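Working notes for the structure below.
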Amino acid sequence: MVLYPTEEWLEEYRRLITESGEMDDFGFDENLLLVITDLNLSRVTLGDLHDSVLDELPDNVREGLSEMSLAAATELIDESVRTSLPDQLRHLLDQTDRDVVDGTIYAYLELADGDCTEAVLLGSADDREVDSIFRASAGTWQSIIAGRPATSAILAGDLEIIGNELLKLQYAAELQLLCDIAADVDTEFLFEHHDRSLVDFVIDESIRQPITLQKCVTRQAALTMRTFAPF
C-alpha cells in the first residue's frame, strides 16, 4: 500500500516515464522538483486507512490504535514495537518517518531526452539544483492525477510553478503529461477525492480541450527543433 510517493513508488514512476512514447516526443532535459505540501498527518487516523492495515491485530489493540493519528503513531510507536505490527502498518510508519519532512514531501525527477534518469526523495528543497519547481498541496496533486487539468490548478492558484516565466506554458503541458503517467502507478490516496464545485467544473472543462491542444503544439515544436538541430 502506498499513500504517498516513496522510493519504491518513484522507481516505478521513473520506469513508466522512461517507457512513455509521449515523453520521447517532448524530449525534455530538465531537473524538476515536485513539492507535495499539507499532508496533515495529524488529521488522518489509523482507522481512516484501509481495513487491511489493522485487521491482523487483536480486537482490543485495533480499537486502541484506530483513533490514533498517523503523526502520533509515527512518533509514539518506536522500532521495538513496530517489529510486532503487521507488515503494512510497520512499512507505513517507516515510510512516514523516512520520507515526510514537516508534512511535506520533496520528489526530485531528472529528465533527459524523454527518459527519467533519476527519481528520488529529498530531505529539503535545497538538496539538488533544479530547473523548475512544482508546488501544491497533497489534495491538489491528487485531483490532477485523478484528471483535473494542471493548467486549471495553476489558474486557480492551487499549483505554483517556480522557474522560467517564459516557459510556464511548456511546463504546464509537461506537468500534465507527468501527472497522466503518475496515474498509472498503483496508489491509495491519503485523502478522499471530493466532488468539484460548479465553478471548478466550468474552469476544468473550459481548459481540458486547450490543454490537449497545448500538449500537441509543445510536442510538435520539440520535434521541429530536433529536425533542425545540427546534432
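Residue numbers for the sequence shown, in my numbering: 45 to 275.
Where a beta carbon is used, it is the ideal one built from N, C-alpha and C, also for glycine.
On a predicted model such as this, the values are computed, not experimentally measured, just so you know.
Nearest C-alpha to leucine 101 among Asp122, Gln132, Ile61: Gln132. A straight line joining the alpha-carbon of serine 124 with that of threonine 161 spans about 37 Å. For leucine 155, the CB contacts under 6 Å within the same chain, skipping 5 residues up- and downstream, are Phe72, Glu74 in chain order. Beta-bridge partners assigned by DSSP to phenylalanine 178: Leu78, Ile205. When DSSP states are grouped into helix, strand and coil, valine 164 belongs to the strand group. Between leucine 109 and tyrosine 57, the alpha-carbon positions lie close to 32 Å from each other. The shortest CA-to-CA distance from glutamate 51 to any of Met112, His135, Ala115, Leu83 is the one to His135.
Each residue's CA atom was taken as its position, placing alanine 190 and aspartate 143 some 23 Å apart. Contact annotation, leucine 114 with leucine 78: C-beta distance approximately 21 Å; criterion of less than 8 Å not satisfied. Considered as a whole, the stretch 81-133 harbours 103-110, 114-120, 123-126 as its complete alpha helix (DSSP H) runs of no fewer than 4 residues, in chain order. Around threonine 89, the same chain offers Ser110, Glu111, Met112, Ser113, Leu114 as residues with beta carbons nearer than 8 Å, after the five sequence neighbours per side are excluded.
Leucine 155 has Glu74, Cys160 as its beta-bridge partners, per DSSP.
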